[in-house]
Amino acid sequence: MDLHLKNKVIIVTGGARGIGKSIAKALADEGAISVVIDKSAESIKTLPDSTQKSHFFTADLTSAEACKKIIDEILEEFGHIDGIVNNAGNNDGIGLEKGSPEAFIKSLTNNAGHFYYMVHYALPALKASHGSIVNIGSKTSITGQGGTSGYVAAKGAILALTREWSVELLPYRIRVNAVIPAEVATPLYEAWLNGFADPQEKLKQVSRKIPLEKRLTKPEEIADTVLFLLSDRSSHTTGQWLFVDGGYTHLDRSIS
Ligand code: NAP
Numbered sequence: 000m001d002l003h004l005k006n007k008v009i010i011v012t013g014g015a016r017g018i019g020k021s022i023a024k025a026l027a028d029e030g031a032i033s034v035v036i037d038k039s040a041e042s043i044k045t046l047p048d049s050t051q052k053s054h055f056f057t058a059d060l061t062s063a064e065a066c067k068k069i070i071d072e073i074l075e076e077f078g079h080i081d082g083i084v085n086n087a088g089n090n091d092g093i094g095l096e097k098g099s100p101e102a103f104i105k106s107l108t109n110n111a112g113h114f115y116y117m118v119h120y121a122l123p124a125l126k127a128s129h130g131s132i133v134n135i136g137s138k139t140s141i142t143g144q145g146g147t148s149g150y151v152a153a154k155g156a157i158l159a160l161t162r163e164w165s166v167e168l169l170p171y172r173i174r175v176n177a178v179i180p181a182e183v184a185t186p187l188y189e190a191w192l193n194g195f196a197d198p199q200e201k202l203k204q205v206s207r208k209i210p211l212e213k214r215l216t217k218p219e220e221i222a223d224t225v226l227f228l229l230s231d232r233s234s235h236t237t238g239q240w241l242f243v244d245g246g247y248t249h250l251d252r253s254i255s
């Protein structure tokens with residue numbers, strides 16, 4: 000199926016590793032111009048050269064000024080923006096008991112702030128292109144995880160913003176949707192697993208609970224859904240939360 004993404008300029012935040020990297024590669028494979036923004040120049044250097052249509056910008060998106068600067072630079076280079084994948088995030092473990100009011104607010108801002116900043120500064124360009132926005136959430140905001148209040152609150156806010164923006168942006172024909180992963184094999188996930196005494200045993204425990212095929216979701220499986228939502232193949236889909244998680248979040252209680 001042709002997704003009609005050829006030469007579309009799509010921004011992927013946190014696109015140098017994990018889920019974002021798979022999205023950036025899938026976009027480049029479709030002939031889109033994938034514009035990767037990531038914190039680490041080192042991670043960006045590890046990207047395969049096959050993504051010839053990828054363009055890389057280094058920035059820490061926790062600052063609104065950095066987001067504005069990047070949007071200005073992208074517009075100067077390409078002239079238009081057709082989509083944004085707000086993907087960068089960090090499950091930073093700022094809990095209720097092990098946390099502080101200051102750390103909570105910082106985590107909330109670090110995880111949800113740049114979703115707002117990026118769309119806010121890119122809005123004139125998105126209005127012109129009738130662009131598509133995809134926000135990457137997390138099942139933790141639906142199920143809870145424990146010990147990570149800041150991240151979970153931010154991911155909950157991101158789902159609310161998906162609904163809110165889809166309404167505000169109706170007049171401009173800008174569609175806004177969220178993809179919600181649960182357990183995806185990425186560097187962030189590996190770091191989380193390594194926090195357990197026996198990471199391999201923890202991985203087996205988690206995998207056993209995933210209804211479909213008893214395995215983690217592959218980053219490419221998240222990317223495929225994101226590309227569909229960016230494309231005009233989903234032209235009448237907006238304000239939706241799509242769980243790409245092997246049934247982990249919603250099938251858990253329906254099967255024995
Ligand atoms: P990852 O492996 O850590 O990759 C994320 C990339 O984003 C990293 O290169 C990271 O850089 C970068 N990044 C983070 N914060 C940034 C910032 N402020 N500015 C610029 N770059 C930044 O993470 P992932 O597992 O692919 O996760 C991607 C998204 O999926 C996140 O929003 C996450 O919450 C969500 N998610 C993942 C899972 C999962 O199981 N993996 C489950 C649910 C939701 P550094 O490495 O240098 O920090």
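Each residue of the sequence shown is one higher than the last, beginning at 0 in numbering that gives the first Met the number 0. All C-beta atoms in this analysis are idealised placements derived from N, C-alpha and C, irrespective of residue type, glycine included. For clarity, every value in this text was computed on a predicted model and none was experimentally measured.
Cβ of residue i within 7 Å of any heavy atom in ligand 1?
i, result
"residue 109", "yes"
"residue 13", "yes"
"residue 113", "yes"
"residue 182", "yes"
"residue 193", "no"
"residue 223", "no"
"residue 188", "yes"
"residue 176", "no"
"residue 30", "no"
"residue 61", "yes"
Whose C-beta lies closer than 6 Å to the C-beta of residue i among residues of the same chain, with five residues either side of it excluded?
i, result
"residue 206", "213, 214"
"residue 19", "11, 13, 86"
"residue 70", "120, 121"
"residue 228", "133, 176"
With distance defined between alpha-carbon atoms, name the residue in the options nearest to residue i.
i, options, result
"residue 151", "220, 192, 179, 115", "179"
"residue 24", "220, 64, 154, 165", "220"
"residue 32", "21, 54, 239", "54"
"residue 254", "21, 235, 208, 157", "208"
"residue 28", "39, 9, 191, 36", "9"
"residue 68", "95, 84, 144, 36", "36"
"residue 183", "246, 165, 236", "246"
Using the C-alpha atoms, what's the distance from residue j back to residue i?
i, j, result
"residue 50", "residue 77", "Per-residue confidence for residue 50 stands at a pLDDT of 49, beneath the threshold of 50, marking its modelled position as unreliable; no derived number is given."
"residue 119", "residue 196", "42 Å"
"residue 117", "residue 133", "12 Å"
"residue 249", "residue 60", "32 Å"
"residue 2", "residue 17", "23 Å"
"residue 231", "residue 169", "15 Å"
"residue 240", "residue 72", "31 Å"
"residue 34", "residue 201", "35 Å"
"residue 216", "residue 128", "32 Å"
"residue 75", "residue 65", "15 Å"
"residue 144", "residue 173", "32 Å"
"residue 234", "residue 159", "21 Å"
"residue 142", "residue 5", "37 Å"
Does the beta carbon of residue i sit closer than 8 Å to a beta carbon anywhere in chain B?
i, result
"residue 173", "Looking for chain B here will not work: only one protein chain is present."
Since residue i and residue j should fall inside the 8 Å C-beta cutoff, what is the C-beta to C-beta distance between them, to a whole number of angstroms?
i, j, result
"residue 98", "residue 148", "6 Å"
"residue 80", "residue 125", "6 Å"
"residue 222", "residue 93", "No, residue 222 and residue 93 are not in contact; Cβ-Cβ is about 28 Å, not under 8 Å."
Please list, in chain order, all residues of the same chain as residue i whose beta carbon is under 7 Å from its beta carbon, the five residues on each side excluded.
i, result
"residue 90", "147, 150, 187, 191"
Tell me which same chain residues have a C-beta within less than 8 Å of the C-beta of residue i, skipping the five on either side of it?
i, result
"residue 185", "16, 17, 18, 218"
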